[in-house]
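Residue numbers (this note's numbering): 87 to 211. All C-beta atoms in this analysis are idealised placements derived from N, C-alpha and C, irrespective of residue type, glycine included. These notes are about the structure you will find just below.
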Amino acid sequence: KDPNDYYFRDNLRADFPADVIQKIREAEASILLQKKQMYLNFLKEEVRQKEAEAQENQDNPDAPVVSGEWEEKVKKATVRNWQHPIKTREVDMYFCLLVYSLKPEFSTCAALFDKFEEGGPDGEA
Numbered sequence: 087k088d089p090n091d092y093y094f095r096d097n098l099r100a101d102f103p104a105d106v107i108q109k110i111r112e113a114e115a116s117i118l119l120q121k122k123q124m125y126l127n128f129l130k131e132e133v134r135q136k137e138a139e140a141q142e143n144q145d146n147p148d149a150p151v152v153s154g155e156w157e158e159k160v161k162k163a164t165v166r167n168w169q170h171p172i173k174t175r176e177v178d179m180y181f182c183l184l185v186y187s188l189k190p191e192f193s194t195c196a197a198l199f200d201k202f203e204e205g206g207p208d209g210e211a
């Protein structure tokens with residue numbers, strides 16, 4: 087197989103300055119941290135809703151009790167101390183679908199990203 091035919095190959099060539107590569111790595115890390123924070127916010131909101139529902143139904147003996155170890159972990163969770171997996175969300179799937187569906191239009195994934203960075207056909211971002 088021709089190595090130039092590989093769509094998702096690492097395009098960080100040796101001729102890129104080290105500071106450019108560093109900025110790319112920092113951007114990747116920032117995106118992953120933001121994704122982790124969004125997931126934690128989602129979990130915390132889910133726990134708050136369960137607690138509110140349990141409070142409303144406290145007179146009902148069949149109502150679920152929310153005081154578990156998991157809920158306490160979620161309440162105390164921060165991006166720094168969360169060690170559990172971050173589940174795949176809908177936005178992750180849409181991003182993969184976008185990249186895959188535009189594959190015939192661009193020779194490499196880097197070319198696709200460059201197009202988004204440069205803007206549309208009229209040059210506007």
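Pair within 8 Å by beta-carbon distance, residue i and residue j
| i | j | result |
| --- | --- | --- |
| Lys130 | Val160 | yes |
| Glu198 | Leu183 | As written in the sequence, residue 198 is Leu, which differs from the Glu given in the question. Cβ atoms of Leu198 and Leu183: not closer than 8 Å. |
| Trp168 | Lys122 | yes |
Buried or exposed (CB count within 10 angstroms, at least 16 for buried), residue i
| i | result |
| --- | --- |
| Val106 | exposed |
| Lys87 | In this prediction, Lys87 has a pLDDT of 46, which is less than 50 and means its spatial position is unreliable; nothing more can be read from the coordinates. |
Nearest candidate by alpha-carbon position, reference residue i, set the options
| i | options | result |
| --- | --- | --- |
| Ile172 | Gln120, Gln108, Arg111 and Glu112 | Gln120 |
| Glu155 | Lys201, Val133, Thr194 and Asp148 | Val133 |
| Asp174 | Asn143, Glu191 and Leu118 | Position check: residue 174 holds Thr in this sequence, whereas Asp was assumed. Per the Cα distances, Leu118. |
Within-8 Å CB hit, residue i to chain C
| i | result |
| --- | --- |
| Gln144 | Note that chain C does not occur in the displayed structure, where there is just one protein chain. |
Whether or not the stretch 117 to 127 and the stretch 161 to 172 are in contact is what I'm after, with contact meaning three or more pairs of Cβ atoms, one per stretch, closer than 8 Å; do they touch? Yes: at least three Cβ pairs fall under 8 Å.
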